[in-house]
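Have a look at the structure below before the remarks.
Numbering (this note's numbering), first residue to last: 1 to 373.
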């Protein structure tokens, strides 16, 4: 009885303290949930009619893109599946970028997308709100992280409050049964309690993975727990041995080699070196839309010798231990893509319910205070 009373007080006051930030974080998360699907539908130049002919090589794609850009630098190159256009990026420092989409069979320039400093990007704006409340990163990120921690505790205390005193089938059924129809007082209560119960597990997963992004001490603690005491290695890129050759002469050979090694891969992303000592970073995606099932490999830009990077995200995902795989799958659990489109729908609905909980909770609090007076 005493424990339940403590949980009730914690649930009330922690919920009030975190309410505004939770609403913003949950709503922006819901808005961002289907960014990939919306972007693909609104940008038809991303896809082409598949053909039997060979696709153009990287050197050819870079030459065509540079001509279309009116620029001499390329920072990244992406080859997708047979239906995907080749993407060539020039990401200049300071926020300016140019992306050229090419037909992978004919080399035709399908679209040139230029973004200048200050151009509005809706999904980038939503993501900034989700991660840092549109505040400077060093200020907003900790606020979001610790608010999510408070919300996690609020969810747990809510579970203890609503859990039946006797764990019978009838009592458990009452946790998931909507009662009172849609009349306002009972509707608000049921929305807070019953809808919150249904969304509890997805919301707790969202909180847990969100803390993995926002709180460095939480990441270190979880990594050490799963790895058996090992610290998280920092992500570092290896360096190339400087030579007189240029990487443009070797990129075609590297592309051929990797396609032979990984014939079932659905995407090859080449991040090109910025200077003479940089390496070629290649992300090989084994499942469309997946960040988890991706190999991040590194090659000397002159000799194409494979180099070794450090950190959980470096190397082949299949060779990683449980702690590194936990780090890699964190984003896919957070947005639900780990379970396909259905998983994203579940996380979307859970985010909307999560945004409603502070609102319905404040209404219940005010109503209770008014009744007591």
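The beta carbon of each residue, even a glycine, is placed where N, CA and C say it ideally should be.
Within the same chain, and ignoring the five residues on either side of residue 289 in sequence, the residues whose Cβ sits closer than 8 angstroms to its Cβ are 36 and 337. The DSSP assignment places complete alpha helix (DSSP H) segments of no fewer than 4 residues inside the stretch 205-243 at 216-227, in order along the chain.
Per DSSP, the unbroken beta strand (DSSP E) holding residue 295 starts and ends at 294-300.
Residues 56, 60, 61 and 64 of the same chain have their beta carbon placed closer than 8 angstroms to that of residue 107, with the five preceding and five following residues left out of the count. Residue 91 and residue 242 have their alpha carbons spaced roughly 24 angstroms apart. Contact between residue 270 and residue 295 does not hold, since their C-beta atoms are separated by about 13 angstroms, which reaches or exceeds 8 angstroms. Note on residue 344: 16 or more other CB atoms within 10 angstroms of its CB, so buried under the neighbour-count rule. The C-beta separation of residue 21 from residue 209 comes to about 17 angstroms, leaving the pair out of contact by the 8 angstroms criterion. The stretch 342-356 makes contact with the stretch 191-203: 3 or more CB pairs, one atom from each, lie closer than 8 angstroms. In this structure, 73 is the residue among 300, 86, 104 and 73 with its C-alpha nearest to the C-alpha of residue 97. Shown here for residue 28: same chain residues with a beta carbon closer than 7 angstroms to its own, the five before and five after excluded, namely 126, 129 and 130 in chain order. Across the structure, residue 194 and residue 186 are spaced so that their CA atoms are roughly 11 angstroms apart. Only buried fits residue 101, as 16 or more other CB atoms lie within 10 angstroms of its CB. A Cβ-Cβ distance of about 34 angstroms is found for the pair residue 285 and residue 23, leaving them out of contact under the 8 angstroms criterion. Scanning the stretch 267-327 from its first residue to its last, no whole alpha helix (DSSP H) run of 4-plus residues comes out. Inter-residue distance for residue 86 and residue 46 is about 8 angstroms (C-alpha atoms, whole angstroms). Separation of residue 235 and residue 292 (C-alpha to C-alpha, rounded to the nearest whole angstrom) is 16 angstroms. Within the same chain, Cβ atoms closer than 7 angstroms to the Cβ of residue 204 are found at 152 and 155, the five residues on either side in sequence being excluded.
When DSSP reads this structure, residue 130 sits in no beta bridge, so it has no partner. DSSP, read as helix, strand or coil, puts residue 113 in strand. Residue 84 sits away from residue 99, with the two beta carbons spaced by 8 angstroms or more.
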